[in-house]
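Here is the structure we will look at, set down as structure tokens.
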């Protein structure tokens with residue numbers, strides 16, 4: 013049995029933007045990716061994509077009282093049944109409540125961080141989840157299929173590149189399909205001909221992510237494509253194509 017080596021430092025919230033606690037209307041916790049197994053400490057600035065999303069959300073959300081934080085994990089890996097990244101995500105949600113009070117929290121994760129966001133959605137302060145190119149276990153894995161019951165009552169958006177060779181897009185589709193059976197507020201966008209990093213359509217992915225996160229935290233609603241994706245029955249609402257140029261003329 014693998015021994016749990018407790019890293020020396022607890023996770024902390026890296027501050028991207030935060031107004032005074034009385035002015036904060038919502039919190040988004042950014043969850044970077046990581047490998048399946050590792051007890052090593054995360055490298056500083058290891059996930060530039062997560063920080064790019066954090067900066068976008070901080071820029072667009074500052075006027076509305078949104079606090080955006082990148083979660084600093086205790087260690088890099090998921091580590092089997094320990095699910096260390098999910099534990100750190102839950103810690104961060106608790107810390108957000110301690111700092112800001114009873115405000116809605118959105119978990120926004122990339123890769124393995126997206127798995128942590130989905131797994132931690134049942135936290136009582138979490139109202140929405142953004143999962144970008146989520147790493148999910150194969151369906152034949154001994155641990156069984158990834159749970160979806162914790163997604164009930166949450167607004168959930170999954171974004172995945174159709175050419176992702178690192179995190180199979182078919183697995184995120186099947187998870188969304190299972191979740192949609194008990195939660196109508198689940199949708200999924202496909203980024204055609206893009207890989208795991210979603211580099212070809214980075215601007216569109218950032219715009220879609222910001223639209224969803226701010227709309228869910230502020231209760232202002234979403235752009236027409238996201239609204240249509242939530243309303244469309246499966247499989248249409250789970251295979252919505254992300255249009256080239258998305259975000260250039262959004263209207264809520």
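Numbering (the numbering used here), first residue to last: 13 to 264. All residues carry an ideal CB built from backbone N, CA and C; glycine is no exception. In this text, all values refer to a predicted model and were calculated from it rather than measured experimentally.
Worksheet entry | Cβ shell of residue 264 (< 6 Å), same chain only, five flanking positions each side left out | Confidence is the limiting factor: at residue 264 the pLDDT is only 44, short of 50, which leaves the residue's position unreliable, though a coordinate-based value still follows. In the same chain as residue 264, and ignoring 5 residues on each side of it, the C-beta atoms closer than 6 Å to its own belong to 232 and 233, in chain order.
Worksheet item: Got a sec, what are the start and stop residues for the beta strand (DSSP E) residue 4 sits in?
Response: What the structure shows of the chain is the stretch from 13 to 264, and residue 4 is not part of that stretch, so it cannot be assessed.
Discussion item. I'd like the ranges of any beta strand (DSSP E) spanning at least 3 consecutive residues and lying wholly in the segment 214-260.
Written reply: Within the segment 214-260, no complete beta strand (DSSP E) run reaches 3 residues.
Fill in: Status (buried if at least 16 other CB within 10 Å, exposed otherwise) for residue 213
Buried, because 16 or more other Cβ atoms sit within 10 Å of the Cβ of residue 213.
Item to complete: Compare the C-beta of residue 196 against all C-beta atoms of chain D and say whether one is closer than 9 Å.
Response: Among the chains of the structure shown, chain D does not appear; only one protein chain is present.
Discussion item. Could you tell me the alpha carbon to alpha carbon distance between residue 177 and residue 249, rounded to whole angstroms?
Written reply: Whole-angstrom Cα-Cα distance: 23 Å.
Fill in: Alpha-carbon spacing of residue 146 relative to residue 35, whole angstroms
Counting only the Cα atoms, residue 35 lies some 32 Å from residue 146.
Worksheet item: Does the beta-carbon of residue 247 have 16 or more other beta-carbons within 10 angstroms, so that it is buried, or is it exposed?
Response: The C-beta of residue 247 has fewer than 16 other C-beta atoms within 10 Å across all chains shown, which makes the residue exposed.
Practice prompt. Might you give, ordered along the chain, the residues of its own chain that have their beta carbon closer than 7 Å to the beta carbon of residue 16, omitting 5 neighbours on each side?
Written response: Confidence at residue 16 is low in this model, with a pLDDT of 42, below 50, so the placement of that residue is unreliable and no value is reported for it.
Discussion item. I need the straight-line Cα distance from residue 105 to residue 135, nearest angstrom please.
Written reply: Each residue's alpha carbon lies about 7 Å from the other.
Worksheet item: How is the beta strand (DSSP E) around residue 84 delimited, first residue to last?
Response: Where residue 84 is concerned, the enclosing beta strand (DSSP E) starts and stops at 78-84.
Fill in: residue 143 - DSSP class collapsed to helix/strand/coil
Three-state result, residue 143: strand.
Item to complete: Look at the Cβ atom of residue 41, then the Cβ atom of residue 117, and state whether they are nearer than 9 Å.
Response: A contact, by the Cβ cut-off of 9 Å.
Discussion item. Once DSSP output is grouped into helix, strand and coil, what is the label at residue 167?
Written reply: In this structure, residue 167 counts as strand in the three-state DSSP scheme.
Practice prompt. Can you tell me which of the three DSSP states residue 203 falls into?
Written response: Residue 203 falls in the strand class under three-state DSSP.
Worksheet item: In the DSSP assignment, what are the bridge partners of residue 122?
Response: According to DSSP, which records beta bridges pairwise, residue 122 is partnered with 144.
Discussion item. Tell me the DSSP secondary structure of residue 113 in three-state form.
Written reply: If DSSP states are grouped into helix, strand and coil, residue 113 belongs with coil.
Worksheet item: With a CB to CB cut of under 8 Å and the five nearest residues on each side skipped, what residues in its chain are close to residue 13?
Response: With a pLDDT of 38 at residue 13, under the threshold of 50, the modelled position of that residue is not reliable, and the figure given next carries that caveat. Taken in chain order, the list of residues that qualify is empty.
Practice prompt. Count the C-beta pairs between the segment 185-193 and the segment 216-224 that are closer than 8 Å, then say yes if the count reaches three, no if not.
Written response: Verdict: no, contact absent.
Worksheet item: Among residues of its own chain, excluding the 5 on either side of residue 125, which ones have a beta-carbon nearer than 6 Å to its beta-carbon?
Response: Annotation for residue 125: 43, 44 and 45 place their beta carbon closer than 6 Å to its own, counting only its chain and skipping 5 residues before and after.
Worksheet entry | Under 9 Å between C-beta atoms of residue 163 and residue 133 | Yes, Cβ-Cβ distance for residue 163 and residue 133 is below 9 Å.
Worksheet entry | Cβ-based neighbour list, residue 139, same chain, cut-off 6 Å, excluding 5 preceding and 5 following | Around residue 139: 116.
Worksheet item: How many Å lie between residue 159 and residue 131 at the Cα?
Response: Roughly 7 Å separates the two Cα atoms.
Fill in: C-alpha gap between residue 69 and residue 76, whole angstroms
Each residue's alpha carbon lies about 11 Å from the other.
Worksheet item: Where does residue 38 sit, in a helix, a strand or coil, going by DSSP?
Response: If DSSP states are grouped into helix, strand and coil, residue 38 belongs with the strands.
Fill in: Best match in 112, 101 and 114 for proximity to residue 85 [C-alpha to C-alpha]
Here the closest residue by C-alpha is 101.
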